[in-house]
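K.L.:
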Amino acid sequence: INWKQHPHSATKGPRAIEKEIYDATVENGALVVPGSWFQADPDAVLPDMFFRVTYASLPREQTTEAIMRLGAAIRKCFGVDPTWY
Numbered sequence: 001i002n003w004k005q006h007p008h009s010a011t012k013g014p015r016a017i018e019k020e021i022y023d024a025t026v027e028n029g030a031l032v033v034p035g036s037w038f039q040a041d042p043d044a045v046l047p048d049m050f051f052r053v054t055y056a057s058l059p060r061e062q063t064t065e066a067i068m069r070l071g072a073a074i075r076k077c078f079g080v081d082p083t084w085y
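The sequence shown begins at 1 in full-length UniProt numbering and counts up one residue at a time.
1) With which residues is F51 paired in a DSSP beta bridge?
2) Kindly give me the distance between the Cβ atoms of I17 and I74, rounded to whole angstroms, as I take these residues to be in contact under 8 Å.
3) Going by alpha carbons, who is nearest to L46 out of V53, S36, R52?
4) Can you tell which of V26, R52, G29, T25 has the C-alpha that lies nearest to the C-alpha of F38?
5) For S9 and L58, what's the separation of their Cα atoms in angstroms?
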């Protein structure tokens, strides 16, 4: 995810945007893990952010639903019209 495309990237840093997406995803009923938790250098600012989703313990249908909920959270946080896609 290119966090610099967020409508408030000039006033919010990548960690705040990452938390916004994380919180919105949890509110949507899916659990993801912010990628920054796995960075070797936690203070490094990367050009993109990512989230980790486990699929080892979920049926395919639930994994698909979790990814759809993550996508909805990202669209909400970035102000993308949900009917656009």
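Every residue, glycine too, gets a C-beta built ideally from N, C-alpha and C.
For clarity, every value in this text was computed on a predicted model and none was experimentally measured.
P.N.:
Based on what the coordinates show:
1) Counting from one through the sequence shown, the residue named residue 51 turns up at place 51. F51 pairs with P34.
2) Stepping through the sequence shown from its first residue, residue 17 is reached at position 17. Stepping through the sequence shown from its first residue, residue 74 is reached at position 74. A Cβ-Cβ separation of about 10 Å leaves I17 out of contact with I74 under the 8 Å criterion.
3) Here residue 46 refers to the residue found at position 46 of the sequence shown. Sorting V53, S36, R52 by C-alpha distance to the C-alpha of L46 places S36 at the top.
4) Taking the sequence shown and counting its residues from 1, one reaches residue 38 at position 38. Cα-wise, what sits closest to F38 is R52.
5) Counting from 1 along the sequence shown, the entry for residue 9 is found at position 9. Counting from 1 along the sequence shown, the entry for residue 58 is found at position 58. Near 34 Å, if we compare the C-alpha coordinates of L58 and S9.
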